[in-house]
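Working notes, beginning with the structure itself.
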Amino acid sequence: MGPDVKQKFASYPEKVRIILIYIRDLIFEVAQAEGLGAIEETLKWGEPSYLAKGGSPLRIDWKPKFPRQLFVYFNCKTTLVETFKEVFGDSFHYEGNRAIVFAVSENIPLAELKICISVSLKYHKVKNLPLLGL
367 MGPDVKQKFA SYPEKVRIIL IYIRDLIFEV AQAEGLGAIE ETLKWGEPSY LAKGGSPLRI
427 DWKPKFPRQL FVYFNCKTTL VETFKEVFGD SFHYEGNRAI VFAVSENIPL AELKICISVS
487 LKYHKVKNLP LLGL
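The opening residue of the sequence shown carries number 367 in my numbering; numbering runs sequentially from there.
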């Protein structure tokens, strides 16, 4: 984790930081399990961002304006969130075509989130498959 990303994580409230670091670890775990290679970790728009070669970036964040929510952002110019809505329906809360939203206090549906992470990290390899191969 680079110093800028480390500083960003340090800025979150403790409970939020723990959850977001868990999601971060999940991203690296999925990438390793699927042999997707190195993950580029940077800040984009002030948010921790993750990208694998051949994938679409995803970002994670918490905002003081919405203190009870966590966000996993996807590129809004892809079909990722639309596909997640079709496949996973009410398993998640969504923000338009750009994010999955979790309440800080809720249990995250891990199996489904891992699939979303996986599809995003290899998006350009699956974007022409029906339902992105799900």
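For each residue, glycine too, the CB sits at the ideal point set by N, CA and C. Keep in mind the model is a prediction, meaning the values are calculated, not measured.
- The C-beta separation of G421 from K488 comes to about 5 Å, placing the pair in contact by the 8 Å criterion.
- Counted as a single uninterrupted DSSP element, the stretch harbouring V396 is not any beta strand (DSSP E) but the alpha helix (DSSP H) occupying residues E380 to A399.
- Counting only residues of its own chain and dropping the five nearest sequence neighbours on each side, V382 has a CB closer than 8 Å to the CB of W428, L436 and V470.
- Here K491 carries a helix assignment [DSSP, helix/strand/coil].
- For T449, the enclosing alpha helix (DSSP H) begins and ends at L446 to F454.
- Annotation: D391 to K431 spans about 25 Å, alpha carbon to alpha carbon.
- By the Cβ rule, the stretch 479-487 counts as touching the stretch 391-403, because three or more pairs are nearer than 8 Å.
- Measuring C-alpha to C-alpha distances from I393 to each of L497, L476 and D456 identifies L476 as the nearest.
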